[in-house]
Structures are given as structure tokens and as C-alpha cells.
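According to full-length UniProt numbering, the sequence shown is numbered sequentially starting from 1. Just so it is clear, CB atoms sit at the ideal spot from N, CA and C, and this is done for glycine as well. The model shown is predicted, which means the values in this text are computed figures rather than measured ones.
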Amino acid sequence: MITIGERIKAARKAANLTVCDMLIPMGVSRSTYTAIERGKSDIKVTQLLKIADITNASFTYLATGEGYSSSQVSMINTLINNTMCGLSQIHTEVNKA
């Protein structure tokens, strides 16, 4: 089972952020942040809310593992956008006929 620290790390990476990118917005030291990702330090709800905000991840997913991860949401959005583009092209071709 994936841990909260592993979900946090995956969300950070999915957002293309480094550990250093997280430090100032989080207001924590590098050692504190990396301890959170490694599961060696408890995380406060306010910190988890901040991580969710910074990474555009679901708070619920980060906290519980339920729902969709950042990478899954990104993939779903890409599929929706590609589908919409395809439908738009079909609509354009139909109107030309």
C-alpha cells in the first residue's frame, strides 16, 4: 500500500517540482520536508493542505489514497482535451460538406 509520504512525493514530481521548490511555500527546512516524504515525520493537516495547493493535487487523495492522483487527473484531462479537439475537427468537416 502506498504511504502518504509516497503520495506526496508522487504529487510533487507530477507537478514537475523539486524538493527545493516546496521549501519556501511550505515554510519548512529541507530536512523536515524530506522526512515528510520519507514518512519519518508526522504531517500537519495545514501542511498537507499547502502541499495539495502547491501541487494541484487532491487533498483527499494525498490524505487517504482515495480518489485520483495528480497524474491520473492530468491523464484524464488530456484525454478529454484530445476528444474535444477531435469532435471539433469532425464538426468542422461536417459543416464543410
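Alpha-carbon spacing of residue i relative to residue j, whole angstroms
i	j	result
Y33	I4	13 Å
T60	V45	11 Å
L17	G86	31 Å
A52	S58	6 Å
V94	G39	55 Å
A10	T92	40 Å
K96	G67	42 Å
I24	R30	10 Å
C20	Q89	42 Å
S41	A15	22 Å
M84	V28	42 Å
I43	E37	9 Å
Beta-carbon proximity of residue i to residue j, cut-off 8 Å
i	j	result
residue 149	I2	A question about residue 149 goes unanswered here, because the residues of the chain that appear run from 1 up to 97.
T55	R12	yes
Simplified DSSP state of residue i, which is helix, strand or coil
i	result
L87	helix
V28	coil
D42	coil
E6	helix
M1	coil
Supposed close pair residue i, residue j - CB separation, criterion 8 Å
i	j	result
L48	A63	6 Å
K50	M26	6 Å
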